[in-house]
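Everything in the sequence shown is counted per the numbering used here, starting at 221 for the first residue and increasing by one.
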Amino acid sequence: MFAVIETGGKQYRVAQGDKVKIEKIKADKEGGFVFDKVLLVNTGKEIKVGTPHVAGAKVEAKVLRDDKAKTIVVFKYKPKKRYRVKKGHRQQFTEVEISKISG
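This is how it looks when you write it as structure tokens:
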């Protein structure tokens, strides 16, 4: 059984027990989180496709940690003009573990 969920402007294919790194969400680490924007649910016997979301479907997850990704270095320069800029960026993410898929 798997589902396709939408969060943070992206889509993720998840199954029960999967650990997924998603865009940062506001949720407590002790409590769970429920994704209600489910685009597709596959139970093995039937496939439910939403228009755009599957009615009554939800995916429950447990928040494991909030962290930052590795640094991405951006370097800009203009030749012959002594213009050089080096910047780094670390994107924040939340790691969740999928505990239950219903729908």
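Note that CB positions come from ideal geometry on N, CA and C, so glycine has one too.
As the structure is a prediction and not an experimental result, all values here were calculated from the model.
Could you check whether residue j and residue i sit closer than 8 angstroms to each other, using their CB atoms as the reference points?
i: E280; j: K230; result: no
i: K239; j: F313; result: no
i: V316; j: K282; result: yes
i: I318; j: G237; result: yes
i: G252; j: G323; result: no
i: A289; j: R304; result: no
Please state the DSSP three-state secondary structure of residue i.
i: E280; result: strand
i: K241; result: strand
i: K290; result: coil
i: G308; result: strand
i: G323; result: coil
i: Q231; result: strand
i: K268; result: strand
Report the CB separation of residue i from residue j in whole angstroms; it is logged as a contact under 8 angstroms.
i: H273; j: K257; result: 6 angstroms
i: M221; j: G270; result: Going by Cβ atoms, the distance from M221 to G270 rounds to 16 angstroms, so no, they are not a contact pair.
i: L260; j: K268; result: 7 angstroms
Under the rule that 16 or more other beta-carbon atoms within 10 Å means buried, what is residue i, buried or exposed?
i: A223; result: buried
i: Y232; result: buried
i: V234; result: buried
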